[in-house]
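Residue numbers (full-length UniProt numbering): 1 to 962.
Note that CB positions come from ideal geometry on N, CA and C, so glycine has one too.
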């Protein structure tokens with residue numbers, strides 16, 4: 001009711017009570033009227049029936065039908081009487097007067113001795129019994145009958161009077177109609193009063209609203225006169241006064257507007273002049289921006305062109321044999337060139353971002369592979385400073401996501417490179433964790449948090465505020481001490497924001513820094529179908545590591561693969577635990593030894609690895625920093641060797657090889673297969689190289705010549721066209737910027753020369769990386785894109801991709817890229833012994849078996865070693881040919897030779913196999929494998945040990961004893 005108008009409220013308040021009161025009164029009077037009518041009918045019926053019963057007593061007694069007929073006819077003349085019926089003592093009808101069909105009564109209706117009435121559909125029947133009274137005749141006829149009866153008499157008949165409802169119903173309808181008319185009259189009267197009352201309230205209000213609307217439209221000369229009462233008079237006077245004041249204010253405002261309009265007109269003329277000047281300035285700014293972009297593109301080309309020759313020819317010289325001093329000079333030239341190239345790339349990337357021409361890819365990639373690639377690339381720089389470089393990617397991080405892997409790698413590289421650069425001692429740790437995961441209509445969406453923590457110099461609060469600004473560094477002196485342009489963090493910040501993430505840092509001066517950024521992306525389809533690594537589940541390994549964080553990462557990987565890891569803190573504890581485990585017949589499958597840079601040539605670790613590999617027959621895997629030169633002695637003693645940080649797939653494959661003696665089932669070839677159809681016969685392709693720069697052309701020709709590929713050079717587009725006529729090439733490298741006919745026009749001409757059945761692949765060579773070159777070059781007819789400076793690795797990949805030819809002899813020389821060692825998986829490795837082994841060699845026993853003669857013992861041992869090399873191959877050959885008799889003779893001779901030398905393990909293995917062959921035991925293959933393993937151990941022991949010196953050391957003692 002709050003939103004109802006006054007008119008509605010007045011109507012409701014007036015009509016509702018009146019309507020309710022009228023209805024209640026009408027219903028009450030109607031009910032009373034109808035009840036009185038029915039009561040009157042009942043009273044008249046009962047009265048008429050009693051009168052008729054009294055009058056018909058004699059007629060029923062004498063059964064005088066004429067008397068009864070006269071009584072009934074006299075009574076039928078009464079109003080509402082429909083019919084009269086007389087019944088005798090037995091309930092039989094004596095006389096009926098009135099309509100037929102209403103003269104029958106049931107025995108139940110006539111059984112009572114009191115007056116009753118029954119309501120029918122259109123009438124009511126009143127039944128009254130007739131009793132015999134003290135009549136004069138009866139007294140006269142029987143005087144004794146005049147005495148009062150002591151018992152009640154039975155009725156001698158009944159009288160039924162039927163009263164019609166027709167007049168009663170008419171009276172009822174009449175009462176209802178009168179009540180309805182009275183109710184309607186009351187409602188109509190109330191409605192008229194309510195309308196008149198509401199109009200008295202609403203009409204002045206409507207007039208006031210109309211006046212306010214006119215005021216709103218600006219008709220301020222309107223005045224209100226409602227004459228509706230003192231309350232409205234006050235409102236009228238207020239509105240009229242307000243209208244007068246508004247009219248006066250409007251006049252003053254119009255005057256002010258006219259003055260302001262004049263001032264505005266003058267201002268607009270001034271602004272129009274300024275707009276013209278700004279338009280000229282905008283055109284000049286756009287032209288300056290275009291000139292800057294062209295300048296950057298030209299400078300990129302002009303700087304990269306000589307760098308291409310410097311880096312390329314430096315790599316070629318490094319492949320040739322050179323004195324150490326000259327090789328150091330060339331490495332300095334190459335490193336300086338790569339630093340200059342990095343600076344150019346930073347400036348161009350920043351210019352590309354500022355120009356709004358940065359385009360991000362959206363492709364599926366593996367976040368763990370990306371992290372490992374960056375770690376592998378930056379590991380040499382970290383290990384040179386003895387830093388512990390560790391990746392920690394938690395299990396809940398999905399592996400396959402959608403995004404731009406190149407830009408993600410660029411951000412991680414920038415942050416890691418800064419951490420390594422500003423950290424002198426300690427560690428640099430990369431952590432990747434899942435921050436948030438949600439479900440969308442297209443699939444799952446995750447937010448990853450990647451942080452890089454170092455133990456470097458740290459940053460103050462003032463330095464942190466300006467750190468992400470372009471061309472800004474924490475300290476101006478760092479540009480001299482550490483180098484760099486100050487664009488890395490600015491580029492990283494813009495890249496992260498373009499990818500929809502955030503970047504920040506937490507640092508304290510002198511206590512290191514933590515740079516972090518978030519990456520929001522969708523999970524790539526099919527990323528949940530990861531190849532399970534279950535080949536190592538349940539295996540036990542023992543792990544020795546000096547660097548705690550690296551140990552945590554490696555242990556995390558091993559436990560994730562289902563292995564049981566026991567950590568030890570020293571070489572002595574490692575050796576002791578392995579000996580105890582073998583005594584309990586539950587030795588370890590592998591011993592992993594992580595060492596730091598200064599322990600690479602440690603004699604203690606060399607002795608440890610020698611003891612484990614030879615004496616304990618336990619395979620060892622070395623985890624070492626990146627090696628600068630040749631491998632240390634340790635790597636030659638151990639069964640396996642990989643560099644830190646350990647990459648998952650390489651690490652897993654190496655573990656499977658060392659634990660089970662076979663390569664992992666999932667190892668793929670190093671050379672990816674391509675859909676390109678190789679040239680017939682595997683011949684080298686014919687390649688045309690077009691470049692107007694003599695140094696670049698010579699570099700490409702030299703690289704192709706090193707790979708024994710037939711190459712033709714051209715220094716201009718016209719020369720390229722002339723050399724292509726009638727003799728098509730398999731691949732063309734085309735420079736874009738050339739005088740006369742540029743690369744685009746030359747490519748169009750070459751396309752016209754292509755036959756219908758052959759399309760020559762044309763690869764663009766350019767240093768222009770500011771704009772979106774690839775898409776535009778494809779539209780111009782190019783098949784690929786290779787930026788300058790050209791590297792041999794890129795050249796080999798392009799040739800393989802577009803011709804199918806695999807270049808042989810390609811070896812990368814850049815120290816910034818470290819290719820993980822790939823073991824030849826065709827070689828089998830004997831798994832570790834899980835039980836306590838007998839000694840491989842006993843010098844003392846050899847001398848005792850030779851009757852204390854050291855020279856004889858040495859000679860016998862030497863003869864055994866010479867014969868054993870032949871016997872091992874013969875044992876394998878006889879076993880493969882299933883020649884058990886020949887195998888028995890060979891083993892018997894070997895067993896006899898071991899009886900004169902101190903080789904307990906080989907002697908026992910030969911004895912077991914000989915016995916099994918004689919008994920035709922079912923486990924012959926097991927005994928044969930044990931014999932071959934013992935022979936291999938003895939051979940390794942002899943290769944790694946100066947056993948002649950050991951025999952000579954025993955000579956004086958033997959002579960003294962004799």
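- [ ] Report yes if the C-beta distance between residue 448 and residue 495 is below 8 Å; otherwise report no.
- [x] Result no, Cβ atoms of residue 448 and residue 495 do not sit closer than 8 Å.
Task: residue 128 and residue 38 closer than 8 Å at C-beta - done: The beta carbons of residue 128 and residue 38 sit no closer together than 8 Å.
Open item on the list: Is the separation between the beta-carbon of residue 571 and that of residue 547 shorter than 8 Å?
Closed with: Result no, Cβ atoms of residue 571 and residue 547 do not sit closer than 8 Å.
Open item on the list: Quick check on the DSSP output: what are the complete beta strand (DSSP E) runs of length 3 or more inside the segment 508-587, in order along the chain?
Closed with: List check, beta strand (DSSP E) in window: 513-522, 540-545 and 564-568.
- [ ] Would you list the one or two residues that DSSP bridges to residue 802?
- [x] DSSP output for residue 802 lists no bridge partner at all.
- [ ] With distances taken Cα to Cα, identify the nearest neighbour of residue 423 among 437, 446, 396 and 452.
- [x] Each of 437, 446, 396 and 452 was checked against the Cα of residue 423, and the nearest Cα belongs to 452.
Open item on the list: Is any non-hydrogen atom of the ligand PLP found closer than 7 Å to the C-beta of residue 879, if you look at the structure I gave you?
Closed with: This structure lacks the ligand PLP, and indeed carries no ligand of any kind.
Task: Residues bridged to residue 714 [DSSP beta-bridge criterion] - done: 690.
Task: Reference residue 914, options 894, 903 and 578, closest by Cα - done: When only C-alpha atoms are compared, the closest one is 894.
- [ ] Count the other C-beta atoms from every protein chain shown that fall within 10 angstroms of the C-beta of residue 543, then say buried if there are 16 or more, exposed otherwise.
- [x] Buried.
- [ ] Taking residue 308 as the reference, give the member of 848, 579 and 697 with the closest Cα.
- [x] It is 697 whose Cα lies nearest to the Cα of residue 308.
Task: residue 510 burial status per 10 Å Cβ neighbour count (16 or more: buried) - done: By the neighbour-count rule (16 or more Cβ atoms within 10 Å), residue 510 is not buried but exposed.
TODO: Pull up the distance between the alpha-carbon of residue 210 and that of residue 225, whole angstroms please.
DONE: Distance between the alpha carbons of residue 210 and residue 225 is about 12 Å.
- [ ] Pull up the distance between the alpha-carbon of residue 171 and that of residue 40, whole angstroms please.
- [x] Rounded to whole angstroms, residue 171 to residue 40 spans 12 Å at the Cα level.
Task: Residue from 362, 397, 803 and 559 whose Cα sits closest to the Cα of residue 403 - done: Among 362, 397, 803 and 559, the Cα nearest to that of residue 403 belongs to 362.
Task: Start-end ranges of the beta strand (DSSP E) lying completely within the segment 41-100, minimum 3 residues - done: Counting only runs that start and end inside the segment 41-100, the beta strand (DSSP E) elements of at least 3 residues fall at 81-87 and 93-97.
TODO: Take residue 398 as the anchor and find which of 444, 736, 305 and 391 has the nearest alpha-carbon.
DONE: Of 444, 736, 305 and 391, the residue nearest in Cα terms is 444.
- [ ] Please work out which residues of its chain come closer than 6 Å, Cβ to Cβ, to residue 506, disregarding the five sequence neighbours upstream and downstream, and give them in chain order.
- [x] 514.
Open item on the list: Can you give me the C-alpha to C-alpha distance between residue 438 and residue 620, rounded to a whole angstrom?
Closed with: About 44 Å.
Task: Boundaries of the alpha helix (DSSP H) in which residue 121 is found, first to last residue - done: Taken as a continuous stretch (DSSP letters only), residue 121 belongs to no alpha helix (DSSP H), as it is neither H nor E.
Task: Residue closest to residue 736, alpha-carbon to alpha-carbon, out of 724, 726 and 762 - done: That would be 762, whose Cα lies nearest to the Cα of residue 736.
Task: For residue 431 and residue 755, the rounded distance between their alpha carbons - done: Spanning the two alpha carbons is a distance of roughly 55 Å.
Open item on the list: Please classify residue 253 as buried or exposed, where buried requires at least 16 neighbouring CB atoms within 10 angstroms.
Closed with: Of the other Cβ atoms in all chains shown, fewer than 16 fall within 10 Å of the Cβ of residue 253; this residue is therefore exposed.
Open item on the list: So for residue 437, helix, strand or coil by DSSP?
Closed with: Here residue 437 sits in strand by DSSP.
Open item on the list: Tell me the DSSP secondary structure of residue 299 in three-state form.
Closed with: Reduced to three states, the DSSP call for residue 299 is helix.
Open item on the list: With the cut-off set at 8 Å, would you say residue 738 and residue 764 are in Cβ contact?
Closed with: In this structure, residue 764 does not lie closer than 8 Å to residue 738 by Cβ.
TODO: On a CA-only basis, which of 272, 42, 425 and 488 is nearest residue 343? Give me that one, please.
DONE: Looking at 272, 42, 425 and 488, the one whose alpha-carbon comes closest to that of residue 343 is 488.
Task: Secondary structure of residue 448, DSSP reduced to three states - done: When DSSP states are grouped into helix, strand and coil, residue 448 belongs to the strand group.
Open item on the list: Assuming the contact rule is C-beta atoms closer than 8 Å, residue 934 and residue 906 should be a hit. Round their C-beta distance to whole Å, please.
Closed with: Sure, about 4 Å apart at Cβ, within 8 Å.
- [ ] Could you tell me how far apart the beta carbons of residue 512 and residue 566 are, in whole angstroms, since I believe they sit closer than 8 Å?
- [x] At roughly 31 Å, the Cβ-Cβ gap does not stay under 8 Å, so residue 512 and residue 566 are not in contact.
Open item on the list: Among the candidates 645, 311, 323 and 126, whose CA atom is the shortest distance from the CA of residue 551?
Closed with: Out of 645, 311, 323 and 126, 645 has the C-alpha closest to the C-alpha of residue 551.
Task: Inter-residue Cα distance where the pair is residue 778 and residue 703 - done: Taking the straight line joining both Cα atoms gives about 26 Å.
Open item on the list: Do residue 890 and residue 871 count as a contact pair if the criterion is CB distance below 8 Å?
Closed with: Taking 8 Å as the Cβ cut-off, residue 871 and residue 890 qualify as a contacting pair.
TODO: Helix, strand or coil for residue 607, going by three-state DSSP, please let me know.
DONE: It is helical.
Task: residue 19 - DSSP class collapsed to helix/strand/coil - done: Residue state, collapsed to three classes: helix.
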